[in-house]
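Below is one structure, written out as structure tokens, with a few remarks after it.
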Amino acid sequence: MTDPTPNAAEPDKSEPLRFYRSVTVGPEFPSRLAVASFRYLLLRPTGLVRVVVVAIAFAVAAYTTTIQSNGQAYALRIGGIGFGAFVVIIAVGAAVGFVVERRRLRERVPAGSEFAVGFRDTTILMRSPMDTAEVAYTKYQSCEEVGDFVLLRQRSSRILNFLPGECFTPESLAYLREKIGQPPHR
0 MTDPTPNAAE PDKSEPLRFY RSVTVGPEFP SRLAVASFRY LLLRPTGLVR
50 VVVVAIAFAV AAYTTTIQSN GQAYALRIGG IGFGAFVVII AVGAAVGFVV
100 ERRRLRERVP AGSEFAVGFR DTTILMRSPM DTAEVAYTKY QSCEEVGDFV
150 LLRQRSSRIL NFLPGECFTP ESLAYLREKI GQPPHR
């Protein structure tokens, strides 16, 4: 992890970077990132509720279509099987998606890759092996710590930016939350 002087980090900009930090990642990083992102997407309350609601709707549909012709006991069995099958399909789909995402991340973020984050008055600079972007704070609605990562959630978009937590200090996270207009972390 490095903390270069702002001018060394960004010599072509007149406004210096604050809290600039970079980190070089190891071979385990793609797996950690895949785990953190899948855990966030699948296990947060809204994701779980969606899966459960759809599974219940699937089971109810199976139950109502079979009760009239086959009786309640048979319909309950079919509904239960439908619920279980749906949960298994979701689990297998998530597992396959995880393996594919981890493989993609291993290709795009090899060991030795560098991530960096720095702040200006109106923008955040983010560098990764995949992209370099300087984005206005107003584009983000929130930031939160997710395992070893800091997650930036964009406004009016489903885009999520997972950044290594090592690129942030407690002071830089407080600064980021202030700039985004988010209450301090508890």
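Counting from 0, one number per residue, gives the positions in the sequence shown under numbering that gives the first Met the number 0.
For glycine and all other residues, C-beta sits at the position ideal for the given N, C-alpha and C.
These numbers come from a predicted model, not from an experiment.
Item: Outcome for Ile123 when other beta-carbon atoms lying within 10 angstroms are tallied against a minimum of 16; Value: buried
Item: Residue range of the unbroken beta strand (DSSP E) whose run includes Gly117; Value: 113 to 118
Item: Per-residue DSSP class, three states only, for Arg157; Value: coil
Item: Sufficient close CB pairs (3 or more, under 8 Å) joining the stretch 16 to 32 to the stretch 100 to 115; Value: yes
Item: Where the beta strand (DSSP E) through Phe18 begins and ends; Value: 17 to 23
Item: Secondary structure of Val149, DSSP reduced to three states; Value: strand
Item: Buried or exposed (CB count within 10 angstroms, at least 16 for buried), Ala173; Value: exposed
Item: Boundaries (first-last residue) of the beta strand (DSSP E) holding Val134; Value: 131 to 135
Item: According to DSSP, residues forming a beta bridge with Thr122; Value: Ala135
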